[in-house]
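Asks: Chains A and B are the protein sequences, given in the same order.
First residue of the first sequence: 1, per the numbering used here; consecutive thereafter.
First residue of the second sequence: 1001, per the numbering used here; consecutive thereafter.
We treat Cβ as the ideally placed atom computed from N, Cα and C, and that holds for glycine.
Please see the structure below; I have some questions.
2 protein chains.
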Amino acid sequence: MSSPFSFILRHTDGCARLGEFHTPHGTVETPAFMPVGTQGAVKATRHADLEALDAQIILGNTYHLFLRPGDELIARRGGLHRFIGWTRPILTDSGGYQVFSLAERRVISEEGAQFRSHLDGSLHMLTPERAVDIQARLGSDIAMVFDECLAFPAERAAVAHSMERSVRWARRCRERLDQLRNGRVNGVTITNPGQAQFGIVQGGVVQELRLASAAATVNIGFEGYAIGGLSVGEPTQLMYSVVADTARVLPHDQPRYLMGTGTPEDLVECVARGIDMFDCVMPTRNARNGQLFTSEGRVNIKNARYAEDDRPLDEACGCYTCRTHSRAYLRHLYMAGEMTSGALNTLHNLSFYLDTMRKIRDAISLRTFEKFRQEFLRAASRLSSDQ
Amino acid sequence: MSSPFSFILRHTDGCARLGEFHTPHGTVETPAFMPVGTQGAVKATRHADLEALDAQIILGNTYHLFLRPGDELIARRGGLHRFIGWTRPILTDSGGYQVFSLAERRVISEEGAQFRSHLDGSLHMLTPERAVDIQARLGSDIAMVFDECLAFPAERAAVAHSMERSVRWARRCRERLDQLRNGRVNGVTITNPGQAQFGIVQGGVVQELRLASAAATVNIGFEGYAIGGLSVGEPTQLMYSVVADTARVLPHDQPRYLMGTGTPEDLVECVARGIDMFDCVMPTRNARNGQLFTSEGRVNIKNARYAEDDRPLDEACGCYTCRTHSRAYLRHLYMAGEMTSGALNTLHNLSFYLDTMRKIRDAISLRTFEKFRQEFLRAASRLSSDQ
Chain A
1 MSSPFSFILR HTDGCARLGE FHTPHGTVET PAFMPVGTQG AVKATRHADL
51 EALDAQIILG NTYHLFLRPG DELIARRGGL HRFIGWTRPI LTDSGGYQVF
101 SLAERRVISE EGAQFRSHLD GSLHMLTPER AVDIQARLGS DIAMVFDECL
151 AFPAERAAVA HSMERSVRWA RRCRERLDQL RNGRVNGVTI TNPGQAQFGI
201 VQGGVVQELR LASAAATVNI GFEGYAIGGL SVGEPTQLMY SVVADTARVL
251 PHDQPRYLMG TGTPEDLVEC VARGIDMFDC VMPTRNARNG QLFTSEGRVN
301 IKNARYAEDD RPLDEACGCY TCRTHSRAYL RHLYMAGEMT SGALNTLHNL
351 SFYLDTMRKI RDAISLRTFE KFRQEFLRAA SRLSSDQ
Chain B
1001 MSSPFSFILR HTDGCARLGE FHTPHGTVET PAFMPVGTQG AVKATRHADL
1051 EALDAQIILG NTYHLFLRPG DELIARRGGL HRFIGWTRPI LTDSGGYQVF
1101 SLAERRVISE EGAQFRSHLD GSLHMLTPER AVDIQARLGS DIAMVFDECL
1151 AFPAERAAVA HSMERSVRWA RRCRERLDQL RNGRVNGVTI TNPGQAQFGI
1201 VQGGVVQELR LASAAATVNI GFEGYAIGGL SVGEPTQLMY SVVADTARVL
1251 PHDQPRYLMG TGTPEDLVEC VARGIDMFDC VMPTRNARNG QLFTSEGRVN
1301 IKNARYAEDD RPLDEACGCY TCRTHSRAYL RHLYMAGEMT SGALNTLHNL
1351 SFYLDTMRKI RDAISLRTFE KFRQEFLRAA SRLSSDQ
């Protein structure tokens, strides 16, 4: 049994790629941005909003869902899609990143990661096999391999050691998935038999290690490949350069996913370097903190200068927030601590991100991506002082 | 100059009344429930939701808006409707209730109420004239007179003294509004020249004082009459009895508004006693606390029994929440502290309240209100143990 996952590369414009991938829950056009739905909900939104904004896929966090409400409970509900009432594709991460960033008292060994829950201190063990089983119960359309995540900066030897372990873990993940697909594992309810699995390239900012990781990961063989371990504090230009060098050696006919990135400018710049998929908490988290992305740059809505500003947040935006409300009202809601502030701001920021992805796809399709890119970066820099 | 406000009583069924009132921002069918939009937003909702749920009027709180963002700022935006982007009718309270329940270090005199802001401790004075001026700047369709609010229980002498002061304050409010309407006050921007003003009947639970207050308030003459000072801790049956006795002596051809009430059962029971308008934070506040109203009674969604309950919250409800999600998911969102929990729960509770009002109006129209009332109360009691 193999996955029905498939990727079609329709068109390129320079290194930028226009394509689509097919999953058991539908098709996703690429380049794609995946809103982050950590606990089975994209914060401060409704599924119907995401659909109306043309979010074609969302991301769920294995670490959070494993701890609460639990992958077995979700499997009994028929999987994550049915549990949360979302009918389009879902990608789940492996839990690795959260174990390394959120969990307490981690003990890492070749076997896996032992840690205590950030919620109640309870003791847990995540291994490559366990991460695969959990995601099989969740039934996401794309599962990620369990990898080790290092902080930046790290010594080259530590990066090499960690990258090599991640490759070994990736192999164990693939073997476990094959066993699951072949019905050779008991006690794991597979809620989405068509689930695909992506490998993750590690290696920090060391080109040689990135290339070695890419080669070894591609050698194992996955339905797609992610670039992990970036956007962790390294300089932006260095990140872009690692992305370009890594994307170049990944299979042309499979999707490339840059994990946890980034600003709108990052999306445009990394599409220009051959990336097909993104996820990031920035549009949703920043929205709740009053930081808004507009066609003319960033707006910090708590700034006093907006107190009597009757204009919409973004004249060029057609989202509900911009159609209905003024900057003055949005500032009032933020200052008054109204929950509606987070919801309206999130709606706008996600609209901006998803609209940007649509414009990127249109530009690649018309072979005008480079022109779009220059204009986008120029406009985005205009309000950059409003931080 | 007088108000274009008008009330038409279409139909009665026992003491229950079917009618409508007309305001500069449109018509409201009665009996009506007004969702509470304290700070210019009904918490955890969007205006478009409220419109889709058939909320024909919302309530704004003068005390909160006066302190933040300020009535003068709102007047410069063109009034509360334009500031918040809500095009349907708005009723504002006078700020009295909040001065007595929220503000710090109150000093009450015949002149008015001096108090410190609960936000920053700043010193303010609200008088009947000031409360009228602020509401003129806000430009609500219905303004309320400034009244004194006593806690329950209170000595009869204190109730009498307070009721008499409220009558004197009501007279000053009406005189101030007449001066504003006749252009005899400088420095107050009137953002809604068609604003109506309602008087408020006080008198605690003492029938004689209620009757005296009603007679004196009606004698001043307002576009409508509210019953204040109830739902402050008195027994429910006593509240119903005061409502019945007071409604009976109010003008037949003007709307009657019971302030700050109540449960769904209270709405039905007080419509049965001649009330046309209600407001209450219960559907919105309880929603955020996980307490949900359904056609079979109350559901406390954090209850462990819902952890694996795949049924919708209310089988009989057609709201987005009930169409899209299970009890299990709603419980998960609540337990996980997701903002979406408050939003989805609020949508349902408001849907339930506004749907109940529609059913009440239909039943009065069909002269089957008494039958509806009996069935409603029977169904509501079914899950009453789920607290």
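State the start and end residues of the unbroken beta strand (DSSP E) segment that holds Met34(A).
Replies: Note, Met34(A): beta strand (DSSP E), Ala32 to Met34.
Asks: Could you tell me which residues DSSP puts in a beta bridge with His22(A)?
Replies: In the DSSP output, where bridge partners are listed per residue, His22(A) has Ser6(A) and Thr27(A).
Asks: Applying the 10 Å Cβ sphere with the 16-neighbour rule, what's the burial state of Thr1284(B)?
Replies: Under this definition Thr1284(B) is a buried residue.
Asks: Can you give me the start and stop residues for the alpha helix (DSSP H) that Val188(A) sits inside?
Replies: No alpha helix (DSSP H) holds Val188(A); DSSP gives it neither H nor E.
Asks: With a Cβ-Cβ cutoff of 8 Å, do Trp1169(B) and Val1145(B) count as a contact?
Replies: Going by C-beta atoms, Trp1169(B) is nearer than 8 Å to Val1145(B).
Asks: Could you say which of Leu1292(B), Leu1366(B), Gly1221(B) and Ala1226(B) lies nearest to Ser1351(B) if we only look at CA atoms?
Replies: Of the listed residues, the one whose Cα sits closest to Ser1351(B) is Leu1292(B).
Asks: Where Arg1298(B) and Ala1287(B) are concerned, what is the direct C-alpha to C-alpha distance, given to the nearest angstrom?
Replies: If you take the alpha carbons of Arg1298(B) and Ala1287(B), they lie about 11 Å apart.
Asks: Using the Cβ count rule (16 or more neighbours within 10 Å means buried), how would you classify His1252(B)?
Replies: His1252(B) comes out exposed.
Asks: Quick check on the burial criterion: 16 or more other C-beta atoms within 10 angstroms. Buried or exposed for Ala981(B)?
Replies: Residue numbering for chain B in the displayed model covers 1001 to 1387; residue 981(B) lies beyond these limits and cannot be assessed.
Asks: Along the chain, where does the alpha helix (DSSP H) that runs through Ala41(A) open and close?
Replies: That residue, Ala41(A), is in no alpha helix (DSSP H); it is neither H nor E in DSSP.
Asks: When the Cα of Thr236(A) is compared with those of Leu59(A), Leu267(A), His22(A) and Phe222(A), which residue comes out closest?
Replies: Of Leu59(A), Leu267(A), His22(A) and Phe222(A), the residue nearest in Cα terms is Leu267(A).
Asks: Given Ser6(A), which residues of its chain have a CB within under 8 Å of its CB, disregarding the five upstream and five downstream residues?
Replies: Correct list, in chain order: Phe21 and His22.
Asks: Once DSSP output is grouped into helix, strand and coil, what is the label at Thr346(A)?
Replies: Helix at Thr346(A).
Asks: Quick test of your reading: Gly139(A) and Asn61(A), contact by CB under 8 Å. State the CB separation rounded to the nearest angstrom.
Replies: Not really, about 15 Å apart at Cβ, beyond 8 Å.
Asks: Could you give the uninterrupted runs of the alpha helix (DSSP H) lying entirely in the stretch 93-153 of chain A, keeping only those of 4 residues or more?
Replies: Counting whole runs of 4 or more residues, the stretch 93-153 of chain A contains the alpha helix (DSSP H) stretches 96-101 and 128-138.
Asks: Just confirm the distance between the C-beta atoms of Asp1049(B) and Leu1347(B), as a whole number of angstroms; I'd bet it's less than 8 Å.
Replies: So it is a contact: roughly 6 Å between Cβ atoms.
Asks: With distance defined between alpha-carbon atoms, name the residue in Ala247(A), His325(A), Thr189(A) and Val36(A) nearest to Gln207(A).
Replies: Closest by alpha carbon: Ala247(A).
Asks: For Ala307(A), would you say it is in contact with chain B, using Cβ-to-Cβ distances shorter than 8 Å as the test?
Replies: For Ala307(A), the answer is yes, since a Cβ of chain B falls inside 8 Å of its Cβ.
Asks: Using a Cβ-Cβ distance under 8 Å, would Arg1156(B) count as near chain A?
Replies: Taking Cβ atoms only, chain A never reaches closer than 8 Å to Arg1156(B), which makes this a no.
Asks: Between Gln1387(B) and chain A, is the shortest Cβ-Cβ distance under 8 Å, so that the two count as touching?
Replies: Interpretation of Gln1387(B) is limited by its pLDDT of 48, a score under 50 that renders its predicted location unreliable; the figure taken from the coordinates is listed afterwards. It does not; no Cβ of chain A falls within 8 Å.
Asks: Could you tell me which of Glu1308(B), Ile1074(B), Arg1174(B) and Asp1314(B) sits nearest to Leu392(A), measuring between CA atoms?
Replies: With chain A represented from 1 up to 387, any question about residue 392(A) goes unanswered, as that position is not in the structure.
Asks: Are the stretch 326-336 of chain A and the stretch 1065-1084 of chain B touching, with three or more C-beta to C-beta distances below 8 Å?
Replies: Judged by Cβ distances under 8 Å, the stretch 326-336 of chain A makes contact with the stretch 1065-1084 of chain B, as three or more pairs qualify.
Asks: Check whether chain B comes within 8 Å of Gln39(A), counting only Cβ atoms and requiring the distance to be less than that.
Replies: So yes, Gln39(A) belongs to the interface.
Asks: So which residues on chain A does Met1000(B) lean against when the C-beta distance must stay under 9 Å?
Replies: The displayed coordinates of chain B run from 1001 to 1387. Any statement about residue 1000(B) would go beyond what the structure contains.
Asks: Could you name the residues of the same chain whose beta carbon sits closer than 8 Å to that of Leu9(A), not counting the 5 residues immediately before and after it, in chain order?
Replies: Cβ neighbours of Leu9(A) beyond the five flanking positions: Arg17, Leu18, Gly19, His252 and Asp253.
Asks: Assuming Ala316(A) is part of the beta strand (DSSP E), what are its boundary residues?
Replies: Segment: none, Ala316(A) is in no beta strand (DSSP E) and carries neither H nor E.
Asks: Have a look at Leu1354(B) and Thr1030(B) and give me their C-alpha separation to the nearest angstrom.
Replies: Cα to Cα, Leu1354(B) sits roughly 11 Å from Thr1030(B).
Asks: Say whether chain D places a C-beta atom closer than 8 Å to the C-beta of Asp1310(B).
Replies: As a matter of chain content, chain D is missing from the structure shown, whose protein chains are A and B.
Asks: What did DSSP end up calling Gly1013(B) once you bin it into helix, strand or coil?
Replies: In the sequence on display, residue 1013(B) carries Asp and not Gly. Asp1013(B) falls in the strand class under three-state DSSP.
Asks: Quick one: Cα of Ser1326(B) to Cα of Gln1056(B), how far?
Replies: C-alpha separation (whole angstroms): 29 Å.
Asks: Would you mind giving the Cβ-Cβ distance between Arg1382(B) and Glu1296(B), rounded to the nearest angstrom? I have them listed as a contact below 8 Å.
Replies: Between Glu1296(B) and Arg1382(B) the Cβ distance is about 5 Å, and since that is below 8 Å, they are a contact.
Asks: Just the Cα atoms here: how many angstroms apart are Ala106(A) and Arg116(A)?
Replies: For clarity, residue 106(A) is Arg in the given sequence; the question names Ala instead. So the alpha carbons of these two residues sit roughly 7 Å apart.
Asks: DSSP three-state label for Phe222(A), please.
Replies: Coil, per DSSP.
Asks: If you drop the 5 nearest sequence neighbours on each side, which residues of the same chain put their C-beta closer than 7 Å to that of Leu1150(B)?
Replies: So the qualifying residues of the chain are Ala1158, Val1159, Ser1162, Gly1204 and Gly1229.
Asks: As a quick exercise: from Gly1342(B), Ala1136(B) and Val1232(B), pick the residue whose alpha carbon is nearest that of Tyr1097(B).
Replies: Comparing Cα-Cα distances from Tyr1097(B) to each of Gly1342(B), Ala1136(B) and Val1232(B), the minimum goes to Val1232(B).
Asks: With a Cβ-Cβ cutoff of 8 Å, do Met277(A) and Pro255(A) count as a contact?
Replies: Contact: yes.
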